[in-house]
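This report concerns only the one structure given below.
Number of protein chains: 2
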Amino acid sequence: MPKSGSEPAPTKEHITAYLKEVKTKVDACIFDFLPTSHEDQDVNELYQMMLDYPRRAGKGLRPALCLLICEVFGGDAERAVNTAAALELLQNWLLIHDDIEDGSELRRGDPCLHQKHGIPMAINVGDALHCKMWEMLHRNNDILGHQLAFQILSEFIQLSNQVVEGQHIELSWVRNNRWNINEKDYWTMCIQKTAWYTCITPCRVGAIIGGASTEEVDVFIELGKSLGVAFQIQDDVLNLIGDVGNYGKEIAGDISEGKRTLVLIHLFNVCTPKEAQSVIDIMARPRTEKTEAEIQSVLQLMHKYNSIQYAQKCSIELLQEASEQFTHKFAHLPNNRAKQLFLSLIHFFVEREY
Amino acid sequence: MPKSGSEPAPTKEHITAYLKEVKTKVDACIFDFLPTSHEDQDVNELYQMMLDYPRRAGKGLRPALCLLICEVFGGDAERAVNTAAALELLQNWLLIHDDIEDGSELRRGDPCLHQKHGIPMAINVGDALHCKMWEMLHRNNDILGHQLAFQILSEFIQLSNQVVEGQHIELSWVRNNRWNINEKDYWTMCIQKTAWYTCITPCRVGAIIGGASTEEVDVFIELGKSLGVAFQIQDDVLNLIGDVGNYGKEIAGDISEGKRTLVLIHLFNVCTPKEAQSVIDIMARPRTEKTEAEIQSVLQLMHKYNSIQYAQKCSIELLQEASEQFTHKFAHLPNNRAKQLFLSLIHFFVEREY
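Heads up: the sequence lines are chains A and P, in that order.
Our numbering applies: residue 38 is where the first sequence begins, and numbers increase by one.
Our numbering applies: residue 38 is where the second sequence begins, and numbers increase by one.
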């Protein structure tokens, strides 16, 4: 747990250790909560499928944000562990359905759930974890009392509405074969689809449990937008330049999937019309009809026009904005260890290479 | 609204009028609640898709059970309308996902949502309505107060856990090409997949809002199992003998889908091994590889061995059980109009022809 005092700024090792500590706590909460076995063989099989994604090693960014922000406001992070675990369940059911919707192949280094068990079962497993998320939030009644529990439920409801809208926008682009996306379209989609559940809500619920005022809680809307988009851009960049062993998905899988990223939008803005058309011709085709050489040709254009560097620069700028807002808006709060860790953590996530 | 007194037993017309009255109230609640338009074209499209299934005419059985049971215990049905509307939202998201999982074509007379917009968008629309269900239940906080609202949430959580397990069992049978299902397997699946959300929970939440004691609320577990299975059997029978105009799905669609019903289990128990093998050969093939003549041959065997009549008899017996339990266990409650309507309504639903 972060301690107060004027210790030196947290190093990468401190952050890694803190993430591990949070993961241990949150995993204990999740695996104590999810059912593990059933005498009926079929139901038992469902339970194992429900445990699949939660068991795949995530980085635990969302729970860490939630617990740290709780402590930034002087709250007891232990009281927020259940809510942090619900954020992980949210992530898991979203990923299961998202992987089906995008026709993805790998998730955290293993075949996606629908690749292993078929789409029908995978939809149902996602629904099962979705229900478990609300059940976990319902338990806040005993941990936090009626009023706070209802407030946290409200936050998850607001978030859910955002995320399904963001998801629909992205799916519409694919279905309508729309490629004339500008940066503003991208921000809107990305804030709704990613920033809410990755940053805004984790920070807000941490702040609420930590006893922050409504004004303080609301700071995390703008701050979380910048931060969430920064994380997403960095994720998209890693998809193009990462190493499959660390990254856990197919490299350049976003090109295979035809995903609209800031990198791609930049490329369209600066390349020749002929190059743009060749990129669209490749991107728009179904995954199975793309050759490795075609994917590499898109990647080469992204390198040629420094589109990846452009996206990285945007990501760093957004991180700076978020970082300055945090420092400025919460200057009245003690400069405790949680505050230092939060700042180091967000830098770590934008600057990470896996 | 049902009145007290010794009026004559409700007729089919009374029941139809009551169902209409409930539907009007519940629809008003749902359509007042769901978002209807958005300036962003894509988000607006999502909203229209979310309204699609709720706008298709359902019979409103679940809300009617909920409101009637509330009144049986002397409660004010108006306080239960929001919860009844959440039951309808539940039904809608379940149907959207179920239709994808079963590869269905028609729902309430129109193409299924995934047939209209593709699987990715339909999954997301189901998720969107799923989230809206919990949002609607969250509103009970203002209508019923903290404690009752949390109790109703608990009921929906219990129900959700049941329904995803029942769904998984049925999907397992399909994936494992399993045909040696006995009646016990069928009851287990059907109770979890259907009875909980169709009868047990609607009655339980109605009773809770109506002020019933824990013992009274628990009567609806056994009673609702019998009733829910009775309804499902009748639904399966109508799938085989109904008229598409009234029924709203393809006739004998369950044979196309390879669905394990009580009718089919009976057929396997009484036909010759050779006939059973020919039925399995047809049922096990994907929908697109079945000819109309093959579907008719299965249907003819079901008629030849009176399997449909057998299922109907079971359905009537289960209804009788439920009916007697209701009369016996709640003999201490006044014989008000709600009580009479409930009994007439459950008979109506098992004896209906569409």
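Ideal Cβ placement from N, Cα and C applies to all residues, glycine included.
Contact under 7 Å by Cβ, residue 112/P with residue 247/P: Counted from its first residue, the second sequence places residue 112/P at position 75. Counted from its first residue, the second sequence places residue 247/P at position 210. For residue 112/P and residue 247/P, yes; Cβs fall inside 7 Å.
7 Å CB neighbourhood of residue 377/P in its chain, flanking five on each side removed: Taking the second sequence and counting its residues from 1, the one referred to as residue 377/P is at position 340. Closer than 7 Å at Cβ, skipping near neighbours: 46 and 47.
First and last residue of the uninterrupted alpha helix (DSSP H) at residue 71/A: For the purposes of this step, residue 71/A is identified with residue 34 of the first sequence, where counting begins at 1. Going by DSSP, residue 71/A is part of no alpha helix (DSSP H) at all; its letter is neither H nor E.
Unbroken alpha helix (DSSP H) run spanning residue 261/A, endpoints: Translated into the one-based positions of the first sequence, residue 261/A becomes position 224. Looking at the DSSP string, the run of the alpha helix (DSSP H) that includes residue 261/A is 251–278.
Contacting residues, own chain, Cβ-Cβ under 6 Å from residue 236/A (five flanking each side not counted): One-based indexing of the first sequence puts residue 236/A at position 199. Hits under 6 Å: 261, 264 and 265.
Residue from 50/P, 295/P and 310/P with nearest C-alpha to residue 324/P: Stepping through the second sequence from its first residue, residue 324/P is reached at position 287. The option with the nearest alpha carbon to residue 324/P is 295/P.
Where residue 368/P falls, given that 16 or more other Cβ within 10 Å makes a residue buried: Mapped onto the second sequence, residue 368/P falls at position 331. Under this definition residue 368/P is an exposed residue.
Reduced DSSP category for residue 42/P - H, G, I as helix; E, B as strand; rest coil: Start at 1 with the first residue of the second sequence, and residue 42/P comes out as number 5. With a pLDDT of only 49 at residue 42/P, under 50, the local geometry of the prediction cannot be trusted, and the value read off the model is given with reservation. In this structure, residue 42/P counts as coil in the three-state DSSP scheme.
Bridge partners - residue 144/P, DSSP secondary structure assignment: Counted from its first residue, the second sequence places residue 144/P at position 107. Looking at the DSSP assignment, residue 144/P forms a beta bridge with 147/P.
Presumed contact (8 Å Cβ cut-off) between residue 52/P and residue 385/P, rounded CB distance: As a working note, residue 52/P is residue 15 in the second sequence. As a working note, residue 385/P is residue 348 in the second sequence. About 5 Å separates the beta carbon of residue 52/P from that of residue 385/P, a gap short enough to meet the 8 Å contact definition.
Given 8 Å, three or more beta-carbon pairs between the region 127–134 of chain A and the region 165–174 of chain A: yes
7 Å Cβ cut-off: residues of chain P touching residue 132/A: The residue given as residue 132/A occupies position 95 in the first sequence. Correct list: empty, because the minimum Cβ distance to chain P is about 12 Å.
Pairwise C-alpha distance: residue 223/A and residue 177/P: In the second sequence, counting from the first residue as 1, residue 177/P sits at position 140. In the first sequence, counting from the first residue as 1, residue 223/A sits at position 186. Cα to Cα, the separation comes out at about 36 Å.
Cβ-Cβ distance between residue 356/A and residue 267/A below 7 Å: Translated into the one-based positions of the first sequence, residue 356/A becomes position 319. Translated into the one-based positions of the first sequence, residue 267/A becomes position 230. Using a Cβ distance threshold of 7 Å, residue 356/A and residue 267/A count as a contacting pair.
CA nearest to the CA of residue 226/P, picked from 54/A, 69/A, 79/A and 92/A: The residue labelled residue 226/P in the question sits at position 189 within the second sequence. Comparing Cα positions, the closest option is 79/A.
First through last residue of the alpha helix (DSSP H) which encompasses residue 113/A: Sequence index remark: in the first sequence, residue 113/A carries index 76 (1-based). Unbroken run through residue 113/A: none, as it is neither H nor E.
Test: residue 194/A CB closer than 7 Å to a CB of chain P: In the first sequence, counting from the first residue as 1, residue 194/A sits at position 157. It does: the Cβ of residue 194/A has a partner Cβ on chain P nearer than 7 Å.
Integer Cβ distance of residue 348/P from residue 273/P, believed to fall under 8 Å: In the second sequence, the residue the question calls residue 348/P occupies position 311. In the second sequence, the residue the question calls residue 273/P occupies position 236. Contact holds; Cβ gap of about 7 Å.
Alpha-carbon spacing of residue 240/P relative to residue 254/P, whole angstroms: Along the second sequence, one-based indexing puts residue 240/P at 203. Along the second sequence, one-based indexing puts residue 254/P at 217. If I take the Cα positions, the gap works out to 8 Å.
Any C-beta of chain A under 7 Å from that of residue 101/P: For the purposes of this step, residue 101/P is identified with residue 64 of the second sequence, where counting begins at 1. No, no contact with chain A.
Residue-chain proximity (residue 233/P, chain A), Cβ-Cβ < 7 Å: As a working mapping, residue 233/P is identified with position 196 in the second sequence. It does not: the Cβ of residue 233/P has no partner Cβ on chain A nearer than 7 Å.
Cross-chain neighbours of residue 204/P in chain A, by beta carbon under 7 Å: Numbered from 1 along the second sequence, position 167 holds the residue referred to as residue 204/P. Listed along chain A are 161, each with a C-beta nearer than 7 Å to that of residue 204/P.
Inter-stretch contact (C-beta, 8 Å, three-pair minimum) for the region 86–94 of chain A and the region 144–162 of chain A: yes
Residue 158/A CB to nearest heavy atom of the ligand PLP below 6 Å: Judged by which ligands are present, the structure shown has none, so any question about the ligand PLP falls away.
Three-state secondary structure assigned by DSSP to residue 342/P: For the purposes of this step, residue 342/P is identified with residue 305 of the second sequence, where counting begins at 1. It is coil, neither helix nor strand.
Residue of 310/P, 316/P and 311/P minimising C-alpha distance to residue 404/P: As displayed, chain P neither begins before 38 nor continues past 391, which places residue 404/P out of reach and without an answer.
Alpha-carbon spacing of residue 58/A relative to residue 152/P, whole angstroms: Position 21 of the first sequence holds residue 58/A. Position 115 of the second sequence holds residue 152/P. Roughly 46 Å between the two C-alpha positions.
Straight-line Cα distance separating residue 103/P from residue 218/P: Counting from 1 along the second sequence, the entry for residue 218/P is found at position 181. Counting from 1 along the second sequence, the entry for residue 103/P is found at position 66. Roughly 32 Å between the two C-alpha positions.
Contact set between the region 146–161 of chain P and chain A, restricted to residues whose Cβ is under 9 Å from the partner: 154, 155, 156, 157, 158, 160 and 161
Under 7 Å between C-beta atoms of residue 121/P and residue 63/P: Position 84 of the second sequence holds residue 121/P. Position 26 of the second sequence holds residue 63/P. Going by C-beta atoms, residue 121/P is nearer than 7 Å to residue 63/P.
Proximity to residue 55/A [Cα-Cα], best of 388/A, 375/A and 389/A: Taking the first sequence and counting its residues from 1, one reaches residue 55/A at position 18. The candidate whose alpha carbon is nearest that of residue 55/A is 375/A.
Pairwise C-alpha distance: residue 365/P and residue 158/P: Against the second sequence, residue 158/P aligns to sequence position 121. Against the second sequence, residue 365/P aligns to sequence position 328. Their Cα atoms are separated by approximately 48 Å.
Closest by C-alpha distance to residue 184/P, when choosing among 191/A, 175/A and 65/A: Sequence index remark: in the second sequence, residue 184/P carries index 147 (1-based). Cα-wise, what sits closest to residue 184/P is 175/A.
Local Cβ density within 10 Å of residue 388/P, reported as buried at 16 or more and exposed below that: The residue you call residue 388/P lines up with position 351 of the second sequence. Label assigned to residue 388/P: exposed.
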